[in-house]
Amino acid sequence: MAGQGDTGTKEEIKTQFTTVEGVYRLLSPSEYSRPNRVAYSSSGGGGSTPAVRVSLVKVSDSPGHDHDRTKICFNYGRELFVYTYRGIKKAADLTKPIDKRSYNKEDVPTCHDFNSKTATADGVSLLVGLLGGQIQLIDPITKEVNKAYNAGERLIDKTKVTCVRWVPGSPNQFLAAHSSGHMYTYNEELLCGMDRPHYQLFKQGEGYSVYTCKTKSTRNPLYRWVIGEGSINEFAFSPCSKYLAVVSQDGYLKVFNFDTMDLVGTARSYYGGLLCVCWSPDGRYVVCGGEDDLITVWSYKEKRVVARGQGHKSWVTVVAFDSFTSVYSDAEGVDGCSDDTTKHNSFSNDVHNSKTNSGVPNSRPSSNRNSVASDSSGMSFITSYRLGSVGQDTLLCLWDLKDDALTQPYRRPRSSTVVSSSGVVAGSGVPQAGQPTTNSKCNSVKDSVATDSSHHSHSANSLTAKLANLNFGEKKDKEKSEKDHKRSLSLASKNSTQNCKGYVNKNQIVGSSVPSEDSQKPMGTPLCPRLDECPMLEPMVCKKIGHERLSGLVFREDCVITSCQDGCILTWCRPGKQVGSGIVLILI
Numbered sequence: 001m002a003g004q005g006d007t008g009t010k011e012e013i014k015t016q017f018t019t020v021e022g023v024y025r026l027l028s029p030s031e032y033s034r035p036n037r038v039a040y041s042s043s044g045g046g047g048s049t050p051a052v053r054v055s056l057v058k059v060s061d062s063p064g065h066d067h068d069r070t071k072i073c074f075n076y077g078r079e080l081f082v083y084t085y086r087g088i089k090k091a092a093d094l095t096k097p098i099d100k101r102s103y104n105k106e107d108v109p110t111c112h113d114f115n116s117k118t119a120t121a122d123g124v125s126l127l128v129g130l131l132g133g134q135i136q137l138i139d140p141i142t143k144e145v146n147k148a149y150n151a152g153e154r155l156i157d158k159t160k161v162t163c164v165r166w167v168p169g170s171p172n173q174f175l176a177a178h179s180s181g182h183m184y185t186y187n188e189e190l191l192c193g194m195d196r197p198h199y200q201l202f203k204q205g206e207g208y209s210v211y212t213c214k215t216k217s218t219r220n221p222l223y224r225w226v227i228g229e230g231s232i233n234e235f236a237f238s239p240c241s242k243y244l245a246v247v248s249q250d251g252y253l254k255v256f257n258f259d260t261m262d263l264v265g266t267a268r269s270y271y272g273g274l275l276c277v278c279w280s281p282d283g284r285y286v287v288c289g290g291e292d293d294l295i296t297v298w299s300y301k302e303k304r305v306v307a308r309g310q311g312h313k314s315w316v317t318v319v320a321f322d323s324f325t326s327v328y329s330d331a332e333g334v335d336g337c338s339d340d341t342t343k344h345n346s347f348s349n350d351v352h353n354s355k356t357n358s359g360v361p362n363s364r365p366s367s368n369r370n371s372v373a374s375d376s377s378g379m380s381f382i383t384s385y386r387l388g389s390v391g392q393d394t395l396l397c398l399w400d401l402k403d404d405a406l407t408q409p410y411r412r413p414r415s416s417t418v419v420s421s422s423g424v425v426a427g428s429g430v431p432q433a434g435q436p437t438t439n440s441k442c443n444s445v446k447d448s449v450a451t452d453s454s455h456h457s458h459s460a461n462s463l464t465a466k467l468a469n470l471n472f473g474e475k476k477d478k479e480k481s482e483k484d485h486k487r488s489l490s491l492a493s494k495n496s497t498q499n500c501k502g503y504v505n506k507n508q509i510v511g512s513s514v515p516s517e518d519s520q521k522p523m524g525t526p527l528c529p530r531l532d533e534c535p536m537l538e539p540m541v542c543k544k545i546g547h548e549r550l551s552g553l554v555f556r557e558d559c560v561i562t563s564c565q566d567g568c569i570l571t572w573c574r575p576g577k578q579v580g581s582g583i584v585l586i587l588i
């Protein structure tokens, strides 16, 4: 189904694509970019510049002016822009930015986030994470707020800020992740100390530790999280705001109860680091993407990987659910992200514009950065999820995740060996292979093929080819399968390879917990099933929509927003919303 409706060559940039609900069309007048944008050059690339990110917020008190209620922020190179987002009804006016800021090349913006809790027509709070580790808090409308955290000598952390988010529902707390593998909780009303903070252990679990500052008075940071090994690439709060999903360069997804700081679930990439993560609108699933070119679907209820998706040809940079095209059905109850959730959550009407979930006692309001659902009444659950993903291959992929495909039981190959609780292989008297061996690779393509004779031949062309090439117990297909996997999966960076080999950092902070043997060798387990042990999904739409790698994806009620590394923010009209369908585009 991938490439459905394609015309022309594969390298042709698409300006429209077709789904089951109709045709999505690109609106060129609604394109946002730097005012003096230069024409695209094939020699460009921007590989060394931070990814172009997009943040939006709807202010609360602009009655009668819906098209002026949303503000959009994006970074490009050393500059940060804030505009009024006019959507599909009015063309973008690039000559009148609300705010424009330029930074030094050592301190370029890498991420940002609006606070929807406090946003009004008179002012908004915008967090900006910088390459040098600093965090700024600004008000682009009034220009009166200008605070800095971890500034000056950067005593808290000197590494790049990879992700920054306001804690959902909080007017003053925010979370910032760094490429050091540390994550910090701040209160914007508190100051950072003048000396280097000293920490004491507060909470510890498998593969993570949480610290607080040793001070007589409360100061920033409130908490420091040390999670896994390598950079923390992104994190996302669940719709009920109770849980936090974190993905890292070591290839692990970790899901925490944010209030109690307990680890409630873990998953592993098929290969390489994980770069992006998002929650389904009902909190039942977490989807992540990364350097294995796949999307990975993890179930909150079953605490395991339930499906993978193959459609990208390079690293997946953003995943996001489209709540507006998800299919709902009546039910007596659902298994959401919270054990207390027995009814359908009330979702927000716009990005970061949230309301309290019905049926979730004492939960914070929802805050979903990349997708927004319209309000639903009654008791219902989602039977078909629409997911979007973009990658460095310049492809936009849309996936329909059916509930029946995501609820299939875990399939262990027929040739796999059952291990008893005593650690002895059943019927053989051989100790379990969990003891140290000379080859401890856990997440490489070669190991996943060579250790399982039931592994099927993997084709990058179509699901039909993959099903046709399934072979069980045939040794002659091992070599071919290994070669096909290497061809279809991109090479991971050197930073992630050490973690795929069960590598333990001897210099890690004292008190942090070392992952167990099982978590270091997850291949072939529910933590990281092989490709023939879980459903392999294909996108219903897979289109090339840019010259440079894609770095942003936001779903709105009337449109879809994408961002490209060349600094171009595109708006795609949903079916029935474009000009000629009752919507008039005003050129100004």
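When the letters of the sequence shown are read in order and numbered with UniProt numbering, they come out as residues 1 to 588.
The C-beta atom is built at its ideal place from N, Cα and C for all residues, glycine as well.
- Between the alpha carbons of I545 and T571 lies a gap of roughly 11 Å.
- Where A405 is concerned, the enclosing alpha helix (DSSP H) starts and stops at 403-406.
- Counting along the chain, the unbroken beta strand (DSSP E) around L130 starts and ends at 126-130.
- Counting only the Cα atoms, P140 lies some 10 Å from R101.
- For S28, the three-state secondary structure derived from DSSP is helix.
- Counting the other Cβ atoms within 10 Å of the Cβ of P409 gives fewer than 16, which makes it exposed.
- Setting aside the 5 residues that flank it on each side, N115 is surrounded in the same chain by S125, W166, each with a C-beta closer than 6 Å to its C-beta; the list follows chain order.
- Sequence-distant partners of R25 (beyond 5 residues in either direction) whose C-beta falls short of 8 Å from its own C-beta, in its chain, are T15, Q16, W572, C573, Q578.
- The beta-carbon distance between L253 and W298, rounded to whole angstroms, is 6 Å. This is short enough to meet the 8 Å contact definition.
- For I98, no pairing in a beta bridge is given by DSSP.
- The beta carbons of P221 and T185 sit closer together than 7 Å.
- Linking S384 to S323 through their CA atoms gives a straight-line distance of about 10 Å.
- Nearest to W399 by alpha-carbon distance, out of P29, V541, R530, L531, is V541.
- Per the DSSP secondary-structure output, W298 pairs in a beta bridge with V286, V305.
- In the structure shown, N172 adopts coil according to DSSP, grouped into three states.
- Around the beta carbon of V20, fewer than 16 other beta carbons lie within 10 angstroms, which makes this residue exposed.
- Under DSSP, the beta-bridge partners assigned to H182 are V226.
- The beta carbon of S179 sits closer than 7 Å to the beta carbons of T159, K160, T162, S231 from its chain, once the five residues preceding and following it are set aside; these are given in chain order.
- Annotated three-state conformation of T19 is strand, per DSSP.
- Your pair H112 and S55 checks out as a contact, with CB atoms roughly 5 Å apart and the cut at 8 Å.
- For Q565, there is no enclosing beta strand (DSSP E), as DSSP gives it neither H nor E.
- In this chain, the beta strand (DSSP E) harbouring I72 covers 70-76.
- By the neighbour-count definition (other C-beta atoms within 10 Å, threshold 16), D122 is an exposed residue.
- For the 7 Å CB-CB criterion, L275 and N233 form a contact.
- An exposed status is given to G576, since fewer than 16 other beta-carbon atoms sit within 10 Å of its beta-carbon.
- The DSSP-derived three-state label of D262 is strand.
- Its chain contains E31, S33 as the residues whose beta carbon lies nearer than 7 Å to that of C568, once the 5 sequence neighbours on both sides are disregarded; these appear in chain order.
- S551 sits close to V52, with the two beta carbons spaced by under 7 Å.
- Pairwise C-beta distances place the region 143-151 out of contact with the region 203-219, as fewer than three of them are shorter than 8 Å.
- Taking T325 as the centre and dropping the five residues before and after it, the same chain places the C-beta of E21, R386 closer than 7 Å to its C-beta, in chain order.
- Around the CB of N104, fewer than 16 other CB atoms lie within 10 Å, so the residue is classed as exposed.
- Using a Cβ-Cβ distance cut-off of 8 Å, the region 148-158 and the region 184-202 are in contact, since at least three pairs of beta carbons, one from each stretch, lie closer than that value.
- S563 and Y85 have their alpha carbons spaced roughly 14 Å apart.
- In terms of CA proximity to P529, A307 leads the group T110, E153, A307.
- Here DSSP, grouped into helix, strand and coil, assigns H312 to coil.
- The beta carbon of D403 lies closer than 6 Å to those of T383 in the same chain, with the five residues before and after it left out.
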